[in-house]
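**Student:** Per full-length UniProt numbering: the sequence shown ends with 151, consecutive numbering throughout.
For each residue, glycine too, the CB sits at the ideal point set by N, CA and C.
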Amino acid sequence: MSVIEKYWDDAREGDECISPTYTVTRERILAYADLTGDHTPVHVDEAYANASHFGCLVAHGLFGLSIADGLKTQCEYRFLPGMSLGWTWDFVLPIKVNDVLHVRMRVGAMRPSNSRPGWGIVVLPSELINQHGEVVQRGEHRLMVPRRALA
Numbered sequence: 001m002s003v004i005e006k007y008w009d010d011a012r013e014g015d016e017c018i019s020p021t022y023t024v025t026r027e028r029i030l031a032y033a034d035l036t037g038d039h040t041p042v043h044v045d046e047a048y049a050n051a052s053h054f055g056c057l058v059a060h061g062l063f064g065l066s067i068a069d070g071l072k073t074q075c076e077y078r079f080l081p082g083m084s085l086g087w088t089w090d091f092v093l094p095i096k097v098n099d100v101l102h103v104r105m106r107v108g109a110m111r112p113s114n115s116r117p118g119w120g121i122v123v124l125p126s127e128l129i130n131q132h133g134e135v136v137q138r139g140e141h142r143l144m145v146p147r148r149a150l151a
């Protein structure tokens, strides 16, 4: 199946997409710790994490946001490459080893860019959801996306 990347003009408020899944592993959490340099014990030391209020090893909050962004790019509903304008993101529940995550994304507010003709702004409310249907993280991604050329 080929994915057609969308212009801003192709999107409609309320359009929705569900991503493929991603399985969290201990190795991936440790690799993220090495990549970022964040070796906080609750993320890398099982004995410490087991004795913590989490009761087990948990992923970094930004690990979840990174996974959510990657999963979003794997959705069948994709925009042409544009510019990320930022995120507003909440960490709701811990992400644990063996969690199977997916993203539910929808098109929220849309408007033409005031500063860049030929571009539009879109807000993508998104939820990162585990295998139990629990929202573990949620927020919005603001993007600047190309518009179709005017004839």
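Closest to Leu-65 by CA distance: which of Arg-111, Leu-30, Thr-88 is it?
**Tutor:** Thr-88
**Student:** Say whether the segment 90 to 97 touches the segment 30 to 38, bearing in mind that this needs 3 or more beta-carbon pairs closer than 8 Å, one atom from each stretch.
**Tutor:** no
**Student:** Excluding the 5 residues flanking Tyr-48 on each side, which residues of the same chain have their C-beta closer than 7 Å to its C-beta?
**Tutor:** Pro-41, Val-42
**Student:** Is His-141 helix, strand or coil when you go by DSSP?
**Tutor:** strand
**Student:** Are Leu-101 and Tyr-22 closer than 7 Å when you measure CB to CB?
**Tutor:** yes
**Student:** Where Gln-74 and Leu-80 are concerned, what is the direct C-alpha to C-alpha distance, given to the nearest angstrom?
**Tutor:** 13 Å
**Student:** Alpha carbon to alpha carbon, what distance is there between Phe-63 and Gly-108?
**Tutor:** 24 Å
**Student:** Hey, quick one: how far does the alpha helix (DSSP H) through Glu-134 stretch, first residue to last?
**Tutor:** No alpha helix (DSSP H) holds Glu-134; DSSP gives it neither H nor E.
**Student:** What is the rounded straight-line gap between the Cα of Arg-138 and the Cα of Glu-27?
**Tutor:** 24 Å
**Student:** For Met-105, count neighbouring Cβ atoms within 10 angstroms of its own Cβ and tell me buried if that reaches 16, exposed if not.
**Tutor:** The residue in question, Met-105, is buried, as its Cβ has 16 or more Cβ neighbours within 10 Å.
**Student:** Starting from the Cα of Gly-86, find the closest Cα among Glu-140, Asp-10, Cys-56, Val-97 and give me that residue.
**Tutor:** Among Glu-140, Asp-10, Cys-56, Val-97, the Cα nearest to that of Gly-86 belongs to Glu-140.
**Student:** Which same chain residues end up closer than 7 Å to Ser-113 when comparing Cβ atoms and leaving out the 5 residues on each side of it in sequence?
**Tutor:** Trp-119, Gly-120, Ile-121, Met-144
**Student:** Taking the CB atoms as reference points, tell me whether Val-97 and Leu-71 lie closer together than 7 Å.
**Tutor:** no
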